[in-house]
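Q: Sharing a structure, written as structure tokens. Questions coming.
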Amino acid sequence: MTVQCEVRADGARLVVSTSGRLQLADVVPLRDRLLKCLAEQPDALLIDLAGLEVDQPPALDAFTVVLRQAARWPGTPVLLCSPAGNTRQHLLQLPLFDDLAAAYAHLGDDHRAIPLISEDLLPVSGATRHARDVATEACLLWELPDLVAPASLIVTELVANVIDHAHTMMSLRISLRSKHLHLAVRDGTPRPPEPGGPDEPASAAGRGLLLVSSVADTWGWLPSEGGKVVWASLLRP
Numbered sequence: 001m002t003v004q005c006e007v008r009a010d011g012a013r014l015v016v017s018t019s020g021r022l023q024l025a026d027v028v029p030l031r032d033r034l035l036k037c038l039a040e041q042p043d044a045l046l047i048d049l050a051g052l053e054v055d056q057p058p059a060l061d062a063f064t065v066v067l068r069q070a071a072r073w074p075g076t077p078v079l080l081c082s083p084a085g086n087t088r089q090h091l092l093q094l095p096l097f098d099d100l101a102a103a104y105a106h107l108g109d110d111h112r113a114i115p116l117i118s119e120d121l122l123p124v125s126g127a128t129r130h131a132r133d134v135a136t137e138a139c140l141l142w143e144l145p146d147l148v149a150p151a152s153l154i155v156t157e158l159v160a161n162v163i164d165h166a167h168t169m170m171s172l173r174i175s176l177r178s179k180h181l182h183l184a185v186r187d188g189t190p191r192p193p194e195p196g197g198p199d200e201p202a203s204a205a206g207r208g209l210l211l212v213s214s215v216a217d218t219w220g221w222l223p224s225e226g227g228k229v230v231w232a233s234l235l236r237p
């Protein structure tokens, strides 16, 4: 990969500074690096392109993929910052800011954290019951009683999938966004999630991610540092 990415945290926001000469060979590693940043569920992801030179313009599709994924989950605003020059000319179809200062001005000074409940869980059968309790608590706390049942079902399946397939510690994160309730489970293996199904071993009483697909408004997964995040969203009433 000829492009370098320096990532730093600014409170609950992440800032990625890119540099180097962007080529088609960089698309996959650059995309995956930025998706891993999204998997951290920051309040905002700012991408500084000031140090980037574009050798092959089609490689800029990496940013389009990241913007599309952010719109699906976790709803994180992604702000591309590019001064006047060659790179900016190739990105005119995307929302752009002149520099990081302009992006920060757009976000404003409101650093209030997005409502979030997080729990670390062991890969044991009791984890599914605890996950349901956490989901119920979150929905009632945020006055979303109609989402208690679907949220509880989804976290049961996400946690059961880790127990049956990943066998690692996991982190359950439930966050409240403007239009959706987001539910995510992070585990310690980069392997794609197993679909599962009714014939799976009943170690966690799970019925598979096919059930998640039928209940959630949308769902998917992303690579993360040291593993992956499987997520689902429910539309708020």
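Numbering (the UniProt record's numbering), first residue to last: 1 to 237. Where is the CB? At the ideal position from N, CA and C, for every residue including glycine. Predicted, not measured: the structure shown is a model, and the values here were computed from it.
Would you call the region 115-134 and the region 169-179 in contact, with 3 or more CB pairs under 8 Å?
A: Touching, yes, given that three or more Cβ pairs across the two stretches are closer than 8 Å.
Q: In the structure shown, what three-state DSSP assignment does Asp109 receive?
A: DSSP places Asp109 in coil when its eight states are reduced to three.
Q: Helix, strand or coil for Val124 per DSSP?
A: Reduced to three states, the DSSP call for Val124 is coil.
Q: Who does Lys228 pair with in a DSSP beta bridge?
A: Answer is Asp187, Pro223.
Q: According to DSSP, is Asp99 helix, strand or coil?
A: In the structure shown, Asp99 sits in coil (DSSP, three-state: anything other than H, G, I, E or B).
Q: Measure from the C-beta of Met1 to each C-beta in chain B and report whether the shortest distance is under 9 Å.
A: As a matter of chain content, chain B is missing from the structure shown, which is built from one protein chain.
Q: Of the residues Pro115, His130, Asp99, which one's Cα is nearest the Cα of Leu52?
A: Closest option to Leu52, Cα to Cα, is Asp99.
Q: When burial is assigned at 16 or more other CB atoms within 10 Å of the CB, is Pro42 buried or exposed?
A: Per the 10 Å Cβ criterion, buried.
Q: Less than 9 Å between the beta carbons of Lys228 and Pro190, yes or no?
A: Taking 9 Å as the Cβ cut-off, Lys228 and Pro190 qualify as a contacting pair.
Q: Based on Cα-Cα distance, which residue from Val15, Leu158, Ala138 lies nearest to Leu80?
A: Leu80 has its Cα closest to that of Val15, out of Val15, Leu158, Ala138.
Q: For Arg236, report the span of its beta strand (DSSP E) as first-last.
A: Element bounds for Arg236: n/a, residue is neither H nor E.
Q: To the nearest angstrom, how far is it from the Cα of Ala205 to the Cα of Val66?
A: The predicted position of Ala205 is uncertain, since its pLDDT is 44 and thus under 50; no value can be drawn from it.
Q: Looking only at its chain, what residues have a beta carbon closer than 6 Å to the beta carbon of Ala62, apart from the 5 residues adjacent to it on each side?
A: The answer, listed in chain order, is Val27, Leu30, Arg31.
Q: Using 8 Å as the cut-off, can you tell me whether the region 33-50 makes contact with the region 1-20, which would need three or more C-beta pairs spanning the two stretches below that distance?
A: They touch, by the three-pair rule.
Q: Would you grab the beta carbon distance between Ala232 and Ile154 for me? Rounded to a whole angstrom, and I think it's under 8 Å.
A: Indeed they touch by this definition, with Cβ atoms about 5 Å apart.
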